[in-house]
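Here is the structure we will look at, set down as structure tokens.
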Amino acid sequence: MDKLKKCFFFLTLLTLAIVAFYPIWSEVAVTLLFIFGIIAGYANGLPKITKQKSVLPLLMLAFFVIVAFSLIVSSNKADGIDNLHTYIPFVALPVLAMLHQNNLSDNKIQLLKVLSGGIMAASAICLVLAVWRSFYLIDGHVVFNPYIGYRNQFVYTYLSVFQYTNTFAMMTVFVVAAMIWALMFRDVKQHKWMIYTAIGLSILMIFLLSSRTNVYALFAVLYYSVVIFYIRFKKLIHSLLLLVGVTGLFWVFQTCNYRVMNLSQTVTSYITEEDVTMDNGYVIKHPEKIENVNIRFQMWETGFKIAKRYWLQGCGIGDFKNMLHTEYGQDGIQEAYEKGYDQHNQYLETLGTTGILGFLMLLAIMGYALYQSWRHRNYLLFCSLLTLALNMLLESMFNRYSGSLFFVLSLLLASAIGGETQKDADANVDKNAVTE
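Quick note, the sequence shown lines up with residues 0 to 435 if you use numbering that gives the first Met the number 0.
Okay, here's the thing in structure tokens:
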């Protein structure tokens, strides 16, 4: 049994290390992890669900049950079962977390290090491959493509190891939060440069991946971190300098990142109903539906009609996407209809798919995580929740296995980190430091 537990822990570390890579690797790893975890955890007996640490995993399990139950009202069972597989992390990881609560608590720092290290390794591979693929041989001369960023899509966005840009950008925001947490709540005496490098690399990757949702999630985390820094250390001058630095970085993103710049101009046009001339001379005319900012408002309106029609029981996990696609065509949203866009809003998709019960259960998961972060002053949990909440507003995260996996994993791991109050942090200065 001891060997089995060691094997389970090794698989856990391996799974965390490859979370950022091609999602099918994670699916296989989580499946093996679940099998070994059940067998290895059997010696501990059934989990004590009365423990406070079991509340969040139980809420996640309840959410999965509701989603699975929506198959009953779904007329397309085949698509429903296929879609349900992306929700597997909502049952696998909570069960493992309850079976191995002590193991999770004792090794939470090591687990965080491996997860962050995997994401950093993926970032490094992405940068190396992208730079390599940016060199071209023209007329016998080596030429480097100078457009680093979104203007020509570069090659960061479509590297196969990441598959979905937004999810990977969200992971890098999590790394920024985790590394700042290490700096503020751990007395990191050695290898500080590694943490600064991780933060810098993550910020660079978010810029290059050009996920606008996570650009703003990043700065929400950074500004929140400045506030926490001042509250914790009471250093006014240092806090003001950090505030100026973060604001300067935000200006760089706002003026140098093509998609962020495009977004701000498009939203200004939408709100003021005025024509806006882009840098390339193109004139945005309201009420023309251009870019994917304004089209999302239309898509949300369509999704809300379905959610309103099926608010009680939902239309079922097998029918929502097909129904949404049909409604796009009827509402004349040509681009969304032709390209088969999803809802781009997890809240609306959950309400339309599972009805009010599933929607409330999703809010309960996030509400309890928010309560935990407030009660225990859990900085990392709050930042994780903030990042996930913003991504769920603008993306249908659970349509992808990688999105569901990171949702469950980041909340469970950040919750296990626990509240780092001043007293707790001082008592654990030299224990389990992130960089040790």
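The beta carbon of each residue, even a glycine, is placed where N, CA and C say it ideally should be.
Because the structure is a prediction, the values reported are computed rather than measured.
In chain order, what residues of the same chain lie with their CB nearer than 7 Å to the CB of residue i, ignoring the 5 residues before and after it?
i	result
His-324	Tyr-336, Gly-339
Leu-221	Val-245
Thr-14	Ser-25, Ala-28, Val-29, Leu-32
Phe-173	Ser-383, Thr-386, Ser-409
Gly-280	Note that Gly-280 has pLDDT 48, beneath the 50 cutoff, so the model's placement of it is unreliable and the number below is only indicative. Result list for Gly-280: empty, nothing under 7 Å.
Asn-398	Thr-85, Asp-341
Glu-334	Ile-294
Ala-67	Leu-83
Please classify residue i: is it buried, with 16 or more other beta-carbons within 10 angstroms of its beta-carbon, or exposed?
i	result
Val-175	buried
Asn-165	buried
His-343	buried
Asn-321	exposed
Ala-77	exposed
Gly-354	buried
Gln-100	buried
Phe-167	buried
Leu-103	buried
Gln-371	buried
Gly-313	buried
Val-243	exposed
Leu-235	exposed
Lys-52	buried
Arg-132	exposed
Arg-185	buried
Phe-7	buried
Asn-252	One point to set straight first is that residue 252 is Phe, not Asn, in the sequence displayed. With 16 or more Cβ atoms within 10 Å of its Cβ, Phe-252 is classed as buried.
Thr-254	exposed
Val-225	buried
Ile-202	buried
Val-141	exposed
Val-10	The amino acid at residue 10 is misidentified as Val; the sequence shows Leu. Answer is buried; the Cβ neighbour count reaches 16.
Cβ atoms of residue j and residue i: under 8 Å apart, would you say?
i	j	result
Leu-404	Pro-88	yes
Phe-62	Ile-364	yes
Gln-345	Glu-394	yes
Thr-212	Leu-389	yes
Ile-118	Ala-216	no
Gly-402	His-375	no
Ile-205	Ile-179	no
Leu-200	Ser-122	yes
Leu-111	Ala-177	yes
Met-360	Ile-65	yes
Phe-228	Met-170	no
Phe-296	Leu-347	no
Lys-107	Ala-415	yes
Leu-411	Ala-96	yes
Can you list, in chain order, the residues of its chain whose CB lies under 8 Å from that of residue i, leaving out five sequence neighbours each side?
i	result
Gly-79	Ser-69, Leu-70, Ser-73, Gly-315, Ile-316, Gly-317, Asp-318
Leu-3	Phe-35, Ile-38, Ala-39
Val-407	Met-59, Pro-88, Phe-89, Leu-92, Pro-93
Please return the same chain residues whose Cβ sits closer than 6 Å to the Cβ of residue i, not counting the five positions on each side in sequence.
i	result
Leu-350	Ala-306, Phe-358
Met-12	Checking the sequence shown, residue 12 turns out to be Leu, not Met. Closer than 6 Å at Cβ, skipping near neighbours: Val-113.
Leu-392	none
*asked:* With a threshold of 8 Å, are at least 3 pairs of Cβ atoms found where one atom belongs to the segment 372-384 and the other to the segment 320-340?
replied: no
*Quick one: complete alpha helix (DSSP H) runs, 4+ long, within the segment 313-379?*
319-330, 333-338, 345-374
_Quick check on the DSSP output: what are the complete alpha helix (DSSP H) runs of length 4 or more inside the segment 205-237, in order along the chain?_
211-232
_4-residue-minimum alpha helix (DSSP H) runs that sit fully inside the segment 64-131, ordered along the chain_ = 76-83, 88-98, 100-105, 107-131
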